[in-house]
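Working notes, structure below.
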Amino acid sequence: MGSHIVSEGTPLPPAILRQIATAGPLDEISNIPDAVRSHIFWHGKRHEVTGKLRASMLFCVYQTTRHGSQNGFRLCLVHRGFYIASEAKVEGDPEDDIDRLEAFIPEGHMEVVVLGAADGQTAGEDSD
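In terms of the UniProt record's numbering, the sequence shown opens at residue 1 and continues consecutively.
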């Protein structure tokens with residue numbers, strides 16, 4: 001068994017982050033335009049009236065043509081309550097967070113992205 005206690009002084013080692021992204025039962029989504037947006041829209045149990053997700057999601061985004069997150073990834077946590085208007089970007093809309101998720105992923109890249117805020121928190125606030 002491997003164990004690592006995460007604290008301010010002992011952050012999560014990149015090797016463990018890579019294991020979470022590549023060995024776990026996470027969906028792997030290509031960064032082709034609208035793939036991430038469509039995945040969130042259809043798999044986040046979106047409320048039809050409010051457009052907000054009724055369930056949090058955790059998945060990996062990988063660079064198209066590299067066939068999987070083992071070659072670089074963005075590990076994405078999308079909180080319940082995140083608003084998503086449609087499954088595809090509307091022509092002419094400004095760039096948003098999902099567009100940035102779908103941006104180029106360099107070889108070997110490891111990034112953690114959080115969309116929305118945890119229940120009872122504002123964006124960027126840590127829980128106690």
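Glycine included, each C-beta is placed from N, C-alpha and C at the ideal position. In this text the structure is predicted, and so the values were computed from the model without any measurement.
Item                                                                                                                    : Value
Any 3 or more C-beta pairs closer than 8 angstroms across the region 99–117 and the region 56–63                        : yes
Of the residues Val-49, Phe-82, His-109, Asp-97, the one placed nearest Asn-71, counting alpha carbons only             : His-109
Option in Leu-26, Glu-8, Val-90 with minimal Cα separation from Ser-56                                                  : Leu-26
Residue range of the alpha helix (DSSP H) that includes Leu-17                                                          : 14–23
Phe-41 - DSSP class collapsed to helix/strand/coil                                                                      : helix
Cβ contact (3+ pairs, closer than 8 angstroms) linking the region 79–97 and the region 29–44                            : yes
Any non-hydrogen atom of the ligand ZN closer than 6 angstroms to Arg-74 Cβ                                             : As for the ligand ZN, it is missing from this structure, which has no ligand bound.
Backbone secondary structure at Leu-75 - three-state DSSP                                                               : strand
Own chain partners of Tyr-83 with C-beta closer than 7 angstroms, once the 5 adjacent residues on each side are dropped : Gly-51, Lys-52
Distance CB(Gly-116)-CB(His-79) smaller than 7 angstroms                                                                : yes
Residue(s) in a DSSP beta bridge with Ser-56                                                                            : Ser-56 is not bridged to any residue.
Asp-27: first and last residue of the uninterrupted beta strand (DSSP E) it sits in                                     : 27–30
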